[in-house]
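In the numbering used here, the protein residues as written are 60 to 349. In this text, a Cβ means the ideal position worked out from N, Cα and C, and glycines have one as well. Accompanying notes for the structure given below.
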Amino acid sequence: MSGATANTGLAEAATTTQSDSKYVRLNVGGTLHLTTIDTLCKQDTMLRAMFSGRMDVLHDVDGWVLIDRCGKHFGSILSFLRDGTITLPDTRREQDELLQEAKYYCVQELVRQLEDALNTQISEPICQVPLITSTPEEQLLVSKTTKPVVKLICNRHNNKYSYTSMSDDNLLKNIELFDKLCLRFNGRILFIKSVIGRSEICCWSFYGHGQKIGEVCCTSIVYGTDKKHTKVEFPEARIFEETLNVLLYEHRGKGPDAELMQATRGYRDRGNGYPSDDEDDKLDRAFRRK
């Protein structure tokens with residue numbers, strides 16, 4: 060028996076006759092498909108070569124033709140062969156996956172359509188940060204969102220203050236940390252930036268369930284020989300800790316676990332401030348006297 064005749068016989072072994080049409084049973088990476096020889100041979104693709112006797116075909120123990128590829132998008136390949144068109148997947152990732160399958164099966168027209176779609180597609184931003192322009196806008200955002208909120212006030216443009224030498228660097232560090240947190244916790248926390256404050260130069264505020272639960276002010280006044288200066292600080296650890304704390308408020312209608320809140324806070328709950336070193340020393344001495 061010649062090679063061409065043998066391959067034709069293998070292909071015919073995977074077909075059944077039903078209403079005078081030949082159906083082919085395909086096992087594509089464990090996903091089973093039933094289609095016709097006419098569909099598989101409609102366009103000049105690798106599938107036509109397989110079922111015209113020009114290529115070897117393999118079968119599983121049940122007689123299904125084996126194709127060693129992922130079967131996730133094979134249905135789309137078959138639909139394109141039948142109709143000459145399909146609705147492309149919504150996400151860029153799935154479009155790229157389908158493109159790889161179309162290239163493998165040599166479905167050139169589908170390859171062209173997918174490449175055009177991928178080349179013209181505008182990538183969506185990873186995250187978007189609202190810039191607050193008014194107090195009512197801020198109140199509406201905080202009250203309506205179901206997410207915890209982290210707000211950064213950044214007002215370096217206020218030139219009536221005299222700044223220390225490190226203030227500019229520290230202000231930039233605060234802004235850089237804000238950007239990093241936006242990317243890290245995107246989808247879980249609503250980050251907003253405000254430039255409407257008149258008195259605050261750099262201040263972080265943290266909200267859970269629509270209520271303010273913490274604040275880290277990064278500015279203070281220091282006195283020099285000639286005049287007082289505004290100092291911008293960068294308390295990175297405190298900011299990061301408060302950001303983790305607001306994650307306890309992710310679910311509306313359910314308050315944070317009191318024990319977990321106490322365990323994760325690095326300071327005693329006395330308003331929104333952190334105790335000074337002197338206060339800690341006093342508390343430690345009082346504890347030892349007991």
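{"Asked": "Specify whether the stretch 182–199 and the stretch 255–272 touch according to this definition: at least 3 beta carbon pairs, one from each stretch, less than 8 Å apart.", "Found": "yes"}
{"Asked": "Between R107 and the rest of its own chain, which residues show a CB-CB distance below 8 Å, the 5 nearest in sequence each way excluded?", "Found": "L99, C100, K101"}
{"Asked": "Which value, in whole angstroms, describes the spacing of the CA atoms of T146 and F139?", "Found": "9 Å"}
{"Asked": "Give the C-beta separation of S135 and L157 to the nearest angstrom, bearing in mind that I take them to be a contact with Cβ-Cβ under 8 Å.", "Found": "6 Å"}
{"Asked": "For V209 and T144, what's the separation of their Cα atoms in angstroms?", "Found": "47 Å"}
{"Asked": "Any idea if L173 is buried or exposed, counting beta-carbon neighbours within 10 angstroms, 16 or more meaning buried?", "Found": "buried"}
{"Asked": "Please classify K232: does DSSP put it in a helix, a strand, or coil?", "Found": "helix"}
{"Asked": "For R247, which of Y266, C262, Y282, D142 has the nearest alpha-carbon?", "Found": "Y266"}
{"Asked": "Go through the stretch 268–305 residue by residue and report every complete run of the alpha helix (DSSP H) that reaches 4 residues or more, in order.", "Found": "295–305"}
{"Asked": "Distance check for F293 and T302, CA to CA, integer angstroms please.", "Found": "15 Å"}
{"Asked": "Tell me where the beta strand (DSSP E) around L200 begins and ends.", "Found": "Looking at the DSSP string, L200 is not in any beta strand (DSSP E); the run it does join, the alpha helix (DSSP H), is 194–203."}
{"Asked": "Taking the alpha helix (DSSP H) that T98 belongs to, which residues open and close that run?", "Found": "96–99"}
{"Asked": "Closest to V166 by CA distance: which of T179, L177, L240, F133 is it?", "Found": "F133"}
{"Asked": "Thinking just about the alpha-carbon of each residue, which of N245, T284, G283, N304 is nearest to the one in E274?", "Found": "N304"}
{"Asked": "Evaluate L242 with the Cβ neighbour count: other Cβ atoms within 10 Å of its Cβ, from every protein chain shown; 16 or more gives buried, anything less gives exposed.", "Found": "exposed"}
{"Asked": "By DSSP, does C261 sit in helix, in strand, or in coil?", "Found": "strand"}
{"Asked": "Which residues does DSSP list as the beta-bridge partners of F250?", "Found": "V209"}
{"Asked": "Find out if the Cβ-Cβ distance for the pair C261, L230 is shorter than 8 Å.", "Found": "yes"}
{"Asked": "Please check the pair V87 and R141, which I expect to be a contact at CB under 8 Å, by giving their CB distance rounded to whole angstroms.", "Found": "Between R141 and V87 the Cβ distance is about 16 Å, and since that is not below 8 Å, they are no contact."}
{"Asked": "So, under 8 Å CB-CB, H92 and L137 are touching, yes? Tell me the CB distance rounded to an integer number of Å.", "Found": "6 Å"}
{"Asked": "Looking at the unbroken alpha helix (DSSP H) that takes in I136, where does it start and where does it end?", "Found": "133–142"}
{"Asked": "DSSP on R84, reduced to helix/strand/coil?", "Found": "strand"}
{"Asked": "In the DSSP assignment, find the unbroken beta strand (DSSP E) run with L125 in it and report its ends.", "Found": "124–126"}
{"Asked": "Using alpha carbons as the reference points, say which of F110, S221, K206, D227 lies closest to Y164.", "Found": "F110"}
{"Asked": "Taking its Cβ as the centre, do 16 or more other Cβ atoms sit within 10 Å of I251, making it buried, or is it exposed?", "Found": "buried"}
{"Asked": "Have a look at L249 and C277 and give me their C-alpha separation to the nearest angstrom.", "Found": "21 Å"}
{"Asked": "Is the beta carbon of V281 sitting closer than 8 Å to the one on S226?", "Found": "no"}
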